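*Asks:* Residue numbers (the working numbering): 367 to 462.
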């Protein structure tokens, strides 16, 4: 899937320029693997194929978005535009 937009500046730099300077070094490789997986996947049903990422759809005001476990408090969140098969609003957030 194509990534349409990235919300966090540091994550955008990692994707566009392979610049990980503003991200915690301990998570950079995991984020790279997750991003590669997202770009290569054909549909959202593949998200549950990697159990350690604890992929799940969000509820409430974030309904329709997905969350992938990165570290204890940090998640990779995004929405999938099904019609265009694109990742929208990809973000690296601390929401706990």
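Each residue gets a CB set at the ideal place from its N, CA and C atoms; glycine is no exception. Predicted model only: the values in this text are computed from it and were never measured.
#1: Run the CB neighbour count on residue 402, radius 10 Å, all protein chains shown included, and call it buried at 16 or more, exposed below.
#2: Would you kindly report the start and end of the unbroken beta strand (DSSP E) that includes residue 418?
#3: Taking C-beta to C-beta, are residue 460 and residue 432 nearer than 9 Å?
#4: Would you report the Cα separation of residue 421 and residue 388, rounded to the nearest angstrom?
#5: Can you tell me whether residue 452 is helix, strand or coil according to DSSP?
#6: Less than 9 Å separating the beta-carbons of residue 454 and residue 393?
*Replies:* Answer, in terms of the structure:
#1: As a working mapping, residue 402 is identified with position 36 in the chain shown. With fewer than 16 other Cβ atoms within 10 Å, it is exposed.
#2: Taking the first residue of the chain shown as 1, we reach residue 418 at position 52. In this chain, residue 418 is not harboured by any beta strand (DSSP E), its DSSP state being neither H nor E.
#3: Here residue 460 corresponds to residue number 94 of the chain shown, with the count starting at 1. Here residue 432 corresponds to residue number 66 of the chain shown, with the count starting at 1. Not closer than 9 Å, so no.
#4: Here residue 421 corresponds to residue number 55 of the chain shown, with the count starting at 1. Here residue 388 corresponds to residue number 22 of the chain shown, with the count starting at 1. Approximately 25 Å, taken between the alpha carbons.
#5: Against the chain shown, residue 452 aligns to sequence position 86. Reduced to three states, the DSSP call for residue 452 is strand.
#6: Counting from 1 along the chain shown, the entry for residue 454 is found at position 88. Counting from 1 along the chain shown, the entry for residue 393 is found at position 27. No, they are not a contact pair.
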